[in-house]
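J.: Letter by letter, the sequence shown follows residues 4 to 527 in this note's numbering. Cβ coordinates follow ideal geometry from the N, Cα and C atoms, glycine included. Take a look at this one; I'll ask things after.
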Amino acid sequence: MKAVQAAEAEAAKAAQALAAARKQLAPVDGPLAAKRKQLAETEQRLAEAERREQSLTQRYAKLKPEVEKLRTEYVAARRAADRALIAAGKLVSFAESVAPIFVKRCLACHNARTAKGRLNLETFASLMAGGESGVVIEPGDPDASVLVAMVEDGSMPKDADPLTPEQIAVIRKWVATGARLDAGIDPHAKLFDIAPKEPQPLPPETYPVAVPITALAFSPDGKWLAASGYHEVILWDAQSGRRVRRITNVAERVHGIAFSPDGSLLGVAAGTPGQMGELKLFASADGKLVADLVTTADSMLAVAFDAKGERVACAGADRSVFVFDVAQKRRVLEIQDHADWVMGVAWSPDGKKLVTAARDKTCKVFDAASGEALVTFNGHTDAVYAAAFAPDGKSVVSAGRDKQLRVWKPSDGKQIRAIGGFGGEIFMLAVSPDGHVFSACEDKNVREHEIGSGKALRTYTGHSDWVFSVAVHAASKRVAAGGINGEVVVWDTSNGKVVLRFVAAPGLNRLEGESGQAKEQKPR
4 MKAVQAAEAE
14 AAKAAQALAA
24 ARKQLAPVDG
34 PLAAKRKQLA
44 ETEQRLAEAE
54 RREQSLTQRY
64 AKLKPEVEKL
74 RTEYVAARRA
84 ADRALIAAGK
94 LVSFAESVAP
104 IFVKRCLACH
114 NARTAKGRLN
124 LETFASLMAG
134 GESGVVIEPG
144 DPDASVLVAM
154 VEDGSMPKDA
164 DPLTPEQIAV
174 IRKWVATGAR
184 LDAGIDPHAK
194 LFDIAPKEPQ
204 PLPPETYPVA
214 VPITALAFSP
224 DGKWLAASGY
234 HEVILWDAQS
244 GRRVRRITNV
254 AERVHGIAFS
264 PDGSLLGVAA
274 GTPGQMGELK
284 LFASADGKLV
294 ADLVTTADSM
304 LAVAFDAKGE
314 RVACAGADRS
324 VFVFDVAQKR
334 RVLEIQDHAD
344 WVMGVAWSPD
354 GKKLVTAARD
364 KTCKVFDAAS
374 GEALVTFNGH
384 TDAVYAAAFA
394 PDGKSVVSAG
404 RDKQLRVWKP
414 SDGKQIRAIG
424 GFGGEIFMLA
434 VSPDGHVFSA
444 CEDKNVREHE
454 IGSGKALRTY
464 TGHSDWVFSV
474 AVHAASKRVA
484 AGGINGEVVV
494 WDTSNGKVVL
504 RFVAAPGLNR
514 LEGESGQAKE
524 QKPR
């Protein structure tokens, strides 16, 4: 009985405690209930908004073709009206008439990187935004437009020949007629992309003097050697030295050449110093232009295909690195990370990374999909001209003005070793599948080293002047090098002997005869 009474007493105490707790919570329960109600109402409104969004998305999907059709019709009508006005002399096409002038004469000093007076002429939008002194174009009033005054008094372009009277007249008339952008063109598109693509001048039929061989590449089957020329790339028979084909419509100076892995395409990085750069793809079988991928404000200096031939990368004096989808002929990546010319670019064996060599004394490793900078190598003491991954992808070898090969880890940028013994700057590198690196040097020699150990394997002699370019074809046991004097020398890598020598210039020291047999001739 006592136990029951004790239990009842404990129960009563518990009930009292519960009542007290409820009394204490009473001030909280009210606001909490209000919050719950508010949350429920918010969730209800959110659900309604999501239903409306879904409905609008469905309606837009149905209307989108009609909207696009109307937009296309509007742009077409605007363009037709513009053409009529242009024909009547009442309008000037910015894209067709004005942009080419700025591209050729002004962009070298007025671009996103080097905008003198903070005037950037890279796009229509940046042009109309003006510079540090304000707007430079007053639509409809050329006399009040600073840019017109600058081209008329010769202060623009600075330290260069003035624009021709015809060019000045075009700019003045464009401003006078409203300074409009052509219908359908994105105002933020680069002038290089909207200006008409003009064919490059033809090379001379015969060369009065040989030009430096700044780029050299073996075709994948080893049958051809592609060498740089003046406004052209020339394919030579790698066995005989006989000229096979001249590929034209190329900028003045060719700095980089690369065959696609299947040999069907030839990538050419070229340019006119301080004026323009370009990357083009040509069909190696007939030399026809396949794609004009990019035009830039300064020379394009390097080109490289990935191992599958699906993407091609290029780098140039405007400090840019670009990656393109080869099949779609479409830019997929642009990297702006270096502080000076980007002299070299190469892919990792798995195609996941890019390595660059630059005049800012650094090499950088980038994610090839996102463009993210992963590693910076600061081991060089001067400009870096070339960099390449080892075949296993675990190391990178780079070289340049400091006269040393440097082998380092792309994972952390730490140097593994430095390889000396060079008598001058190292201009270019070529890596073979067995892990050997061949270097083209200012001291007239090509050297072969083992990347893994740093061991010097062979020095290839025979050039009489600076060696600018080098290419290797492991299957045929050939290494070729091009000199500043226009001479190409080919060696057998098994014994180091010269097997072919010729001047890679039409009309100079030609290898005559139907058989196309090479004659060892010394350059003039």
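By how many angstroms is the C-alpha of Val214 removed from the C-alpha of Leu511?
T.: When rounded, the distance between both Cα atoms is 11 Å.
J.: Looking at C-beta atoms only, is the number of pairs between the region 168–175 and the region 136–155 that lie closer than 8 Å three or more?
T.: Flag = yes, the region 168–175 and the region 136–155 touch.
J.: For Asp495, which of helix, strand or coil comes out of DSSP?
T.: Here Asp495 sits in strand by DSSP.
J.: Could you tell me which uninterrupted beta strand (DSSP E) segments, each at least 3 residues in length, are contained entirely in the region 129–191, listed from first to last along the chain?
T.: The region 129–191 contains no whole beta strand (DSSP E) run of 3 or more residues.
J.: With distance defined between alpha-carbon atoms, name the residue in Lys480, Phe380, Arg420, Ala484 nearest to Arg450.
T.: Checked all of Lys480, Phe380, Arg420, Ala484; the closest Cα to Arg450 is Ala484.
J.: Should Ser129 be listed as close to the ligand NAD, given that the test is whether its C-beta is under 6 Å from any heavy atom?
T.: The ligand NAD is absent from the structure shown, which contains no ligand whatsoever.
J.: Within 10 Å of its beta-carbon, does Gln407 have 16 or more other beta-carbons around it, so buried, or fewer, so exposed?
T.: So Gln407 ends up on the buried side.
J.: With Asp196 as the anchor, note down where its alpha helix (DSSP H) starts and where it stops.
T.: Element bounds for Asp196: 194–197.
J.: Which same chain residues end up closer than 6 Å to Leu130 when comparing Cβ atoms and leaving out the 5 residues on each side of it in sequence?
T.: Answer for Leu130: Leu124, listed in chain order.
J.: Could you round the C-beta distance between Gly1 and Gly438 to whole angstroms and report it? I think they count as a contact, below 8 Å.
T.: Summary: the structure shown does not reach residue 1, with the chain confined to residues 4 through 527, and so no result is reported for it.
J.: Quick check on the burial criterion: 16 or more other C-beta atoms within 10 angstroms. Buried or exposed for Leu304?
T.: Label assigned to Leu304: buried.
J.: Kindly give me the distance between the Cβ atoms of Pro436 and Phe392, rounded to whole angstroms, as I take these residues to be in contact under 8 Å.
T.: Not really, about 12 Å apart at Cβ, beyond 8 Å.
J.: Just how far apart, CA to CA, sit Ala254 and Lys356?
T.: Those two C-alpha atoms are separated by around 29 Å.
J.: Which residues in the same chain have their Cβ closer than 7 Å to the Cβ of Phe97, if we skip the five residues on either side of it in sequence?
T.: Here the set comprises Phe127, Trp177, Arg183, Leu184, Asp185.
J.: Report yes or no: do three or more beta-carbon pairs, one from the region 309–329 and one from the region 130–148, lie closer than 8 Å?
T.: Touching, no, given that fewer than three Cβ pairs across the two stretches are closer than 8 Å.
J.: Less than 6 Å between C-beta atoms, sequence neighbours within five positions excluded: which residues of the same chain meet that for Gln19?
T.: None.
J.: Can you tell me whether DSSP reads Glu445 as helix, strand or coil?
T.: Three-state result, Glu445: coil.
J.: Mind checking which residues open and close the beta strand (DSSP E) that includes Ala102?
T.: First-last for Ala102: 102–108, but that is the alpha helix (DSSP H), not the beta strand (DSSP E).
J.: Would you mind working out which of Gln47, Phe221, Thr299 sits nearest Arg322, comparing C-alpha positions?
T.: Ranking the options by Cα distance to Arg322, first place goes to Thr299.
J.: From this set, Pro206, Cys366, Pro207, which residue's C-alpha is nearest His341's C-alpha?
T.: Out of Pro206, Cys366, Pro207, Cys366 has the C-alpha closest to the C-alpha of His341.
J.: Once DSSP output is grouped into helix, strand and coil, what is the label at Val528?
T.: Outside the shown range of the chain (4 to 527) lies residue 528, about which nothing can therefore be said.
J.: Is the region 257–265 in contact with the region 239–246, if contact means three or more CB pairs nearer than 8 Å?
T.: With a cut-off of 8 Å, the region 239–246 and the region 257–265 do not count as touching, because too few Cβ pairs lie within range.
J.: Can you tell me which residues form a DSSP beta bridge with Gln339?
T.: Ser323, per the DSSP bridge assignment.
J.: Could you work out which residue in Arg504, Ile237, Gly134 is closest to Thr209 when comparing CA atoms only?
T.: Residue Ile237 is the option with its Cα nearest to Thr209.
J.: For Cys109 and Met159, I'd like the C-alpha separation in whole angstroms.
T.: Between Cys109 and Met159, the C-alpha separation is close to 8 Å.
J.: Between Pro223 and Gly266, is the Cβ-Cβ spacing less than 7 Å?
T.: Cβ atoms of Pro223 and Gly266: closer than 7 Å.
J.: Going by C-alpha to C-alpha distance, which of Asp395, Ser401, Ala372, Pro394 sits closest to Thr379?
T.: With distances taken between Cα atoms, Thr379 lies closest to Ser401.
J.: Looking at the strands, I want to know which residues DSSP matches up with Thr384.
T.: For Thr384, which the question treats as bridged, DSSP gives no partner whatsoever.
J.: Could you check what DSSP says for Gly423 in three-state terms: helix, strand or coil?
T.: Looking at Gly423 - three-state DSSP - the assignment turns out to be coil, as it is neither helix nor strand.
J.: Between Ile429 and Gly290, what straight-line distance do the alpha-carbon atoms span, to the nearest angstrom?
T.: Computed Cα separation, rounded: 31 Å.
J.: Over what stretch of residues does the beta strand (DSSP E) that includes Arg461 continue unbroken?
T.: 459–463 is the span of the beta strand (DSSP E), which, as asked, contains Arg461.
J.: Among Val434, Ala376, Asp405, which has the Cα closest to the Cα of Pro413?
T.: Out of Val434, Ala376, Asp405, Ala376 has the C-alpha closest to the C-alpha of Pro413.
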